[in-house]
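A quick write-up on the structure given underneath.
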Amino acid sequence: MRCIVRRRHRPAVFPMTRRFDHGKKPLAKADCSPPNGRATSHGECYSEVAVRTQRAADIAVGCFIALVGIFVLSASTTISVARVHRLSPRTFPYVVGLLLLICGIGLALKSWSLRGADSRIHWPDGEGIRTITVSLVGLACYIALMNPLGLPLATFLYLAFSTWYLNRSRWRMALTIALITGALSYVLFIRLLGLSFPAGSLFE
Amino acid sequence: MGFSFEYLLQGFATALTLQNLFWALVGCFIGTLVGVLPGIGPVSGIAILLPLTTVLPPTSAIIMMAAIYYGAMYGGSTTAIVVNIPGEASSVPTAMDGYEMAKQGKAGPALAISAISSFVAGTLSVIALTLFAPMLAEFAVVFGPPEYFALMFMGLSLVISLSGHALLKGLISMALGLGAALVGQDPLTGAARLTFGTVTLNAGVDFISVIVGLFAISEVMINVEQRITAISEMKITNWMPAWADIKQCLGTMIRSTGVGFFLGLLPGCAPSVTTFVAYDLEKRMSKHPERFGKGAIEGVAAPEGANNATSTAGFVPLFSFGLPTAPSMAVLLGGLMMYGLQPGPMLFAQNPQFVWAVIASMYIGNVMLLILNLPLVGMWAKIVNIPFYILGPMIVFCAVVGTYSIRFQAFDVWVMLIFGVIGYFMRKLGFPVAPMVLASVLAQMLETALGQSLLISQGSPFIFFTRPISAVFMALAFLSIGRGIWVLMRAQAPEVAVEDPD
Amino acid sequence: MKRLAIGFLVLVVGLAMVGVGAAAAAGFPTKRITYNICFNPGGESDITARFQEAPLKKILGQDIAINYKIGGGGALCWSELVQTKPDGYTIAGHNLPHIALQPLEMGNAGYKTLDLKNIYFFESTPNLLLVRIDSPYKTLKDFVEYAKKTPGAVTVGGSGTSSANDLGTTMLNKAAGIQLTYVPFGGTGSAVPALLGSHVTALMSYSTMAIQYAGKFRALAVASETRMEVLPDVPTFKELGYDIVEGAYRGVAAPPGTPDDVIKILASAFETVHKDPEVRKKMDQNGFKTESMGPEASLELVKKKMVEYEAIMKQLGRIK
Numbered sequence: 291m292r293c294i295v296r297r298r299h300r301p302a303v304f305p306m307t308r309r310f311d312h313g314k315k316p317l318a319k320a321d322c323s324p325p326n327g328r329a330t331s332h333g334e335c336y337s338e339v340a341v342r343t344q345r346a347a348d349i350a351v352g353c354f355i356a357l358v359g360i361f362v363l364s365a366s367t368t369i370s371v372a373r374v375h376r377l378s379p380r381t382f383p384y385v386v387g388l389l390l391l392i393c394g395i396g397l398a399l400k401s402w403s404l405r406g407a408d409s410r411i412h413w414p415d416g417e418g419i420r421t422i423t424v425s426l427v428g429l430a431c432y433i434a435l436m437n438p439l440g441l442p443l444a445t446f447l448y449l450a451f452s453t454w455y456l457n458r459s460r461w462r463m464a465l466t467i468a469l470i471t472g473a474l475s476y477v478l479f480i481r482l483l484g485l486s487f488p489a490g491s492l493f494e
Numbered sequence: 368m369g370f371s372f373e374y375l376l377q378g379f380a381t382a383l384t385l386q387n388l389f390w391a392l393v394g395c396f397i398g399t400l401v402g403v404l405p406g407i408g409p410v411s412g413i414a415i416l417l418p419l420t421t422v423l424p425p426t427s428a429i430i431m432m433a434a435i436y437y438g439a440m441y442g443g444s445t446t447a448i449v450v451n452i453p454g455e456a457s458s459v460p461t462a463m464d465g466y467e468m469a470k471q472g473k474a475g476p477a478l479a480i481s482a483i484s485s486f487v488a489g490t491l492s493v494i495a496l497t498l499f500a501p502m503l504a505e506f507a508v509v510f511g512p513p514e515y516f517a518l519m520f521m522g523l524s525l526v527i528s529l530s531g532h533a534l535l536k537g538l539i540s541m542a543l544g545l546g547a548a549l550v551g552q553d554p555l556t557g558a559a560r561l562t563f564g565t566v567t568l569n570a571g572v573d574f575i576s577v578i579v580g581l582f583a584i585s586e587v588m589i590n591v592e593q594r595i596t597a598i599s600e601m602k603i604t605n606w607m608p609a610w611a612d613i614k615q616c617l618g619t620m621i622r623s624t625g626v627g628f629f630l631g632l633l634p635g636c637a638p639s640v641t642t643f644v645a646y647d648l649e650k651r652m653s654k655h656p657e658r659f660g661k662g663a664i665e666g667v668a669a670p671e672g673a674n675n676a677t678s679t680a681g682f683v684p685l686f687s688f689g690l691p692t693a694p695s696m697a698v699l700l701g702g703l704m705m706y707g708l709q710p711g712p713m714l715f716a717q718n719p720q721f722v723w724a725v726i727a728s729m730y731i732g733n734v735m736l737l738i739l740n741l742p743l744v745g746m747w748a749k750i751v752n753i754p755f756y757i758l759g760p761m762i763v764f765c766a767v768v769g770t771y772s773i774r775f776q777a778f779d780v781w782v783m784l785i786f787g788v789i790g791y792f793m794r795k796l797g798f799p800v801a802p803m804v805l806a807s808v809l810a811q812m813l814e815t816a817l818g819q820s821l822l823i824s825q826g827s828p829f830i831f832f833t834r835p836i837s838a839v840f841m842a843l844a845f846l847s848i849g850r851g852i853w854v855l856m857r858a859q860a861p862e863v864a865v866e867d868p869d
Numbered sequence: 023m024k025r026l027a028i029g030f031l032v033l034v035v036g037l038a039m040v041g042v043g044a045a046a047a048a049g050f051p052t053k054r055i056t057y058n059i060c061f062n063p064g065g066e067s068d069i070t071a072r073f074q075e076a077p078l079k080k081i082l083g084q085d086i087a088i089n090y091k092i093g094g095g096g097a098l099c100w101s102e103l104v105q106t107k108p109d110g111y112t113i114a115g116h117n118l119p120h121i122a123l124q125p126l127e128m129g130n131a132g133y134k135t136l137d138l139k140n141i142y143f144f145e146s147t148p149n150l151l152l153v154r155i156d157s158p159y160k161t162l163k164d165f166v167e168y169a170k171k172t173p174g175a176v177t178v179g180g181s182g183t184s185s186a187n188d189l190g191t192t193m194l195n196k197a198a199g200i201q202l203t204y205v206p207f208g209g210t211g212s213a214v215p216a217l218l219g220s221h222v223t224a225l226m227s228y229s230t231m232a233i234q235y236a237g238k239f240r241a242l243a244v245a246s247e248t249r250m251e252v253l254p255d256v257p258t259f260k261e262l263g264y265d266i267v268e269g270a271y272r273g274v275a276a277p278p279g280t281p282d283d284v285i286k287i288l289a290s291a292f293e294t295v296h297k298d299p300e301v302r303k304k305m306d307q308n309g310f311k312t313e314s315m316g317p318e319a320s321l322e323l324v325k326k327k328m329v330e331y332e333a334i335m336k337q338l339g340r341i342k
């Protein structure tokens, strides 16, 4: 019994064979080692227009960390000290805040003063950013829906969506896996092992 | 309490009965399964199977519980190597090099060496346990709060060598790890810190969610972004490491056993600390330290050996003083007490046959796990070939389930997500991840020990330098720091974490 | 073939989902109960829980999973408890005076004393001052004299901050006019190695440890009204002229909002466990005094102690 399926004509996000470069120019073979390019397990090069250089990023991050340090320091001043202790509960937070502040400034300064050899950071391209964002949002929904919908159902939805999203042409595979795992998670974790995973407050 | 060869042989006789062997096998198998999920560690595994153990005679029950404990250790390292999900904090160094090896198609040898190294360490440790237990017990109590602090401080100074040239970034990473661990209540006084008045943050951030986020989730994000087809495309041809590799690791295995065993004797010294120390020791002793972090086979052998040695060493205080040094030991102790055995220093003296049967079965458990796991290495290794569009979401599923099972609160899973994003940016920007993990694991013990030491010394920080053992550790720590600063001064290159995987 | 497989899977999943609804209907308890211990393994709370584990399982018909949540002298564990779902499946061991002292002293301990819904108090142990068997102090008098000569230098370890051990040390300081330095540990289980290794001079611990480590520790005095039967040679603080009667009550508590009928089931289970002569004998042998206070009696005791401790703390100068 053969199933005849209409294949969609959209290209899959995860082609089963070669990777897409989306029209970006690959660097010459000689230049494939990091930090200029990244050799894939196929052996081809993957590079892209860099959004930021390492130096700029370091300066930005250094400043950001310094700000975090200041934030930690200020948040620590409100820690209540009930009795006189040798080691105040404020000490470690102060140390951490100071460390962040000093190292953050140090990093920013050091990178700023550095001229010369620089390297690129491989930020993902448009498609990459979209893929990551969608995946993260999917994960966030999974976590948010776990309590109301219960572990098995939320797992089913998440796996079905993610597996399909990562390879559009294999939606039946996605559904199957999602079903099996969803059922398995119920049988194994909730029934057999008796762990307190949510079974779905909507159903209770 | 004394060592008697007779007792040990009797112990073997008891342990080798068909029934006990069977239960040990069941324990190993279940333990491995349970260890595969982060958050569900040996403690939960044993607790889950406790009902079964009550229908068994005491010896079989304890044998099975010990087998579950070891099995869980194995399970944790399997997922660390194959999918970069450290089963617990002690598997983190294994993940660092093991996963790199998996990406290079060498998952088989990585898994195999971890099994072999664990076996060697376990065997040597059991021998040490049987021969030297009374002396070792004395050693265990020599460590007081100042020594603990010095040890933890030395552990933190490992950050210097783990960061390579990216020292400032390593320190920032370490500070962030310390900061994350600070959120919640102070371990000594209970004062609320960095909780911004919220009740949820009062309970603090569990380090397992941090670790799973930093490793597993960020790795998945990177793979998704780069649209890889599979973790490794290479066909797994051989699943055993080359004989040359094993010989290379022989020294590693012995050293890591030593480190893991001695540190494991100390009450409260978590296996996570010992694995990092063993890893770092190997890195320093290696002729090519830059290989570590990129798939050095010693980088897998060292933490695995230390791990197993530490868990075996935990039995010394248990049997000598009745002091469980870790929650998993306490579960075993509970098992002992269920059978009417009195906890305390008299356990060994009053029930030698029982204790030696357990020790014998520990050895057998080691052999059993080796036999069980080596053939399965091929199967586990093939996981890296699974197309990523299937494997990726499954990894996330395991991570979510595992993290949720820590406290059964969605908060922990959100923390995992947040640290996944943080980990992603850290990798992109060249920040090393290991110091953050190490710091978050050490923070609580570090602060507690410091507080206690200052009370003992009435506020004088010199206590760490006047006591011999802690002075040694502090000296090592400062040497490490000094060397790191010197390297930093000399280096001109921009701060890229050269050793960081990716 | 493929359709059959898919159909089968749908059926399985459907059944699974249906099973979800069915499971929620049965009575308490239907699954494992988590029993949180707030101190290190090896301490009194831990030992007691281990004694209780098997009989509880027989009575309630479900597993008891023992978990550790250590820190803040118990504050970490109790502040987590008050945030847990009040369905009766998570309980925690609790201690008086800790639960009364911590919110008083800490300002924000993460929980309020009366938030913890008492189920049962099952045992109590008086404070006991221990030194090593090879130490030069043979009696409390020797110890106090030495402490008078070296204010602040004599360290006394104990379990937790704002706990019975902590309070006991402060009381001794005031009564004897000395200045002992109290060093908090995560529990008796980590304080004992400190004394074994001579890192602290003495321990203000509980009667249990005097019995367990009889060959290694010497008990100088016990903080009970009269001498304990299991420790006939140990004088009470009262005998020696210091009016100190202090110790810890131990029990279990549930999150606020746990239904009363669930509490009743748990309380009667614990009561049955501790009425069992075998369990009583084991507890007595180990230096525990069995108490039997159900939910109402426990609440009375807690309220009474809250008032008492507030007065004591003010008198000792630990709170304003």
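Residue numbers (this note's numbering), protein chains in the order written: chain A, 291 to 494; chain B, 368 to 869; chain C, 23 to 342. Ideal placement from N, C-alpha and C gives every residue a C-beta, glycine not left out.
Residue i touches chain A at which residues, Cβ-Cβ below 9 angstroms?
{"i": "R850/B", "result": "None at all; the shortest Cβ gap to chain A is about 18 angstroms."}
Cβ closer than 7 angstroms: which chain B residues qualify as neighbours of residue i?
{"i": "Y432/A", "result": "V767"}
{"i": "P414/A", "result": "E592"}
{"i": "P379/A", "result": "D553, T556, A558, R560"}
{"i": "S370/A", "result": "A558"}
Short of 7 angstroms in beta carbon distance, which residues of its chain neighbour residue i, apart from the five on each side in sequence? Order them along the chain.
{"i": "K327/C", "result": "L118, P119, A122"}
{"i": "S220/C", "result": "R154"}
State buried or exposed for residue i, treating a residue as buried only when at least 16 other CB atoms are found within 10 Å of its CB.
{"i": "D283/C", "result": "exposed"}
{"i": "A609/B", "result": "exposed"}
{"i": "P638/B", "result": "buried"}
{"i": "K473/B", "result": "buried"}
{"i": "G263/C", "result": "exposed"}
{"i": "A559/B", "result": "buried"}
Given that residue i touches chain A, what residues does it touch there, using C-beta distances under 7 angstroms?
{"i": "E814/B", "result": "F382"}
Could you spell out where the alpha helix (DSSP H) holding residue i opens and where it closes?
{"i": "H120/C", "result": "120-128"}
{"i": "I539/B", "result": "534-549"}
{"i": "I266/C", "result": "Careful: I266/C lies outside any alpha helix (DSSP H) and carries neither H nor E."}
Considering only residues of the same chain and omitting the five flanking positions on each side of residue i, which have a CB-CB separation below 8 angstroms?
{"i": "S475/A", "result": "L441, P442, T445, F487"}
{"i": "P278/C", "result": "V104, P108, D137, L138, K139"}
Which bits of chain B does residue i rub up against, with CB to CB less than 8 angstroms?
{"i": "N130/C", "result": "A558, A559"}
What span of residues does the beta strand (DSSP E) with residue i cover, start to end?
{"i": "L321/C", "result": "Taken as a continuous stretch (DSSP letters only), L321/C belongs to no beta strand (DSSP E), being part of the alpha helix (DSSP H) at 317-338."}
Leaving out five residues before and five after residue i in sequence, what residues of the same chain have Cβ atoms less than 6 angstroms from its Cβ?
{"i": "G75/C", "result": "It is worth fixing the name first, because residue 75/C is Glu in this sequence and not Gly. I86."}
{"i": "T294/C", "result": "I81"}
Find the residues of chain A that neighbour residue i, judging by a C-beta separation of less than 8 angstroms, and give them in chain order.
{"i": "K473/B", "result": "Here the premise fails: no neighbours, minimum Cβ distance about 13 angstroms."}
{"i": "L496/B", "result": "Simply none; closest approach about 32 angstroms."}
Just checking, does the region 840-852 of chain B make contact with the region 519-536 of chain B on the three C-beta pairs under 8 angstroms criterion? The region 840-852 of chain B, when compared against the region 519-536 of chain B, does touch it at the 8 angstroms Cβ threshold.
Count the C-beta pairs between the region 573-588 of chain B and the region 143-157 of chain C that are closer than 8 angstroms, then say yes if the count reaches three, no if not. no
Determine, using beta-carbon pairs with one atom in the region 213-221 of chain C and one in the region 257-270 of chain C, whether at least three such pairs fall under 8 angstroms. A contact is defined here as three or more CB-CB pairs under 8 angstroms, and the region 213-221 of chain C fails this definition with respect to the region 257-270 of chain C.
Could you say if the region 639-659 of chain B and the region 502-514 of chain B meet the contact criterion of at least three C-beta pairs nearer than 8 angstroms? no
With three or more C-beta pairs closer than 8 angstroms as the rule, is the region 667-675 of chain B touching the region 477-489 of chain B? Flag = yes, the region 477-489 of chain B and the region 667-675 of chain B touch.
Count the CB pairs spanning the region 158-173 of chain C and the region 135-149 of chain C that are closer than 8 angstroms, and state whether there are at least three. no
At least three beta-carbon pairs within less than 8 angstroms, the region 452-469 of chain A to the region 424-432 of chain A: yes
Does the region 780-791 of chain B come close enough to the region 458-471 of chain A to have 3 or more Cβ pairs within less than 8 angstroms? No: the two stretches stay apart, fewer than three of their Cβ pairs being nearer than 8 angstroms.
Taking beta-carbon pairs under 9 angstroms, can you tell me which members of the region 744-764 of chain B lie near chain E? Reference to chain E is not applicable here, since the protein chains of this structure are A, B and C.
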